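Novice: With the numbering used here, letter number 121 in the sequence shown gets 686, and the count goes up by one each step, no holes.
From the three backbone atoms N, C-alpha and C, an ideal C-beta is built for every residue, glycine too.
Because the structure is a prediction, the values reported are computed rather than measured.
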Amino acid sequence: MTPKKDPSVRRGRGRPQSFDRKEALCAAMRLFWDRGYEGASFDDLIAVMKISASSFYNAFESKEALYHEVIETYMSVAGGWFLDILGEDADTRTVFQDLTIAAAVEFTRPDHPTGCMISVAATQCSPNQHRLRDLLARQRKQAEGAMAARLQEGLERGDLPTGADINALAAFYGSLLRGMAVQARDGASQERLKEIALIGMNAWPQT
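What follows is the structure, encoded as structure tokens:
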């Protein structure tokens, strides 16, 4: 994935900020995560962020600009486990099993909304929000690309059989993770998601 800028270093125009930017971004992240872009009203955003309307516009300029920054915050605060596991020094099958089991845990944590903010966000939105749809589609594509890169590494190390379809495998496990995210949002337990994860590993190609 492309490196993300630290959202905490961005500065608004006008008077100095009288609030913790990272704390405000995390509050907005949880609201967007729970309700989606269009389901989070401006009044609800400034309420959870604990800032005034004028401070909001000075610091973030617009709701859409805030959402872009929130996605960066999500990737660094709540999504870091994904790349950490892909970087594990283990055989490729173990890495992907760890990835799916970790997803079951992360998607059902009690300290944030269920599921994954990136997995199903902005798949349906009004025509004038196509930029957000494209943004989230790119994030999902980058995640799939990171899995494909790890699979390619495994192929080169002999962890996968010659001729294994790397892109199809990455698409399959990306779809599995997104499906688990939807299941979590619908109330599936961590135990059920772990069962789904282990069933998904049955699709792993035999060497």
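(1) For the alpha helix (DSSP H) containing His695, list its first residue and its last residue.
(2) Taking Gln704 as the reference, give the member of Val635, Thr679, Met614 with the closest Cα.
(3) Go ahead and pull the three-state DSSP assignment for Asp676.
(4) Around the C-beta of Leu648, are 16 or more other C-beta atoms found within 10 angstroms, so that it is buried, or is it exposed?
(5) In this structure, how does DSSP classify Phe765 when only helix, strand and coil are distinguished?
(6) Determine the direct distance from the alpha carbon of Glu653 to that of Glu756, and round the result to whole angstroms.
(7) Rank Ile764, Ser620, Ala686, Ala714 by C-alpha distance to the C-alpha of Arg600 and give the top, closest one.
(8) How should Leu763 be labelled, buried or exposed, when 16 other C-beta atoms within 10 angstroms of its C-beta is the threshold for buried?
(9) DSSP three-state label for Gln771, please.
(10) Could you give the first and the last residue of the continuous alpha helix (DSSP H) run that contains Ser619?
(11) Looking at Asp724 and Asp663, is the spacing between their C-beta atoms short of 7 Å?
(12) Where Tyr738 and Thr638 are concerned, what is the direct C-alpha to C-alpha distance, given to the nearest angstrom?
(13) Could you please give the first and the last residue of the uninterrupted alpha helix (DSSP H) stretch that includes Asp609?
(14) Pairs of beta-carbons, one from the stretch 697-713 and one from the stretch 726-745, closer than 8 Å: are there three or more?
(15) Give the range of the alpha helix (DSSP H) segment to which Gly739 is assigned.
(16) Please classify Val670: is it buried, with 16 or more other beta-carbons within 10 angstroms of its beta-carbon, or exposed?
(17) Kindly list the residues whose CB is nearer than 6 Å to the CB of Met682, restricted to its own chain and excluding five residues on each side of it in sequence; keep chain order.
(18) Answer with buried or exposed for Gly752, where buried requires no fewer than 16 other C-beta atoms within 10 angstroms of its C-beta.
(19) So does the stretch 607-620 actually touch the stretch 589-596, counting three or more Cβ pairs closer than 8 Å?
(20) Tell whether a beta-carbon distance below 7 Å holds between Leu758 and Tyr602.
Specialist: Answer, in terms of the structure:
(1) 695-722
(2) Val635
(3) coil
(4) exposed
(5) It should be noted that the sequence gives Gly, not Phe, for residue 765. Gly765 falls in the helix class under three-state DSSP.
(6) 24 Å
(7) Ala686
(8) exposed
(9) coil
(10) 618-625
(11) no
(12) 24 Å
(13) 607-614
(14) yes
(15) 731-750
(16) exposed
(17) Trp598, Tyr639
(18) exposed
(19) yes
(20) no
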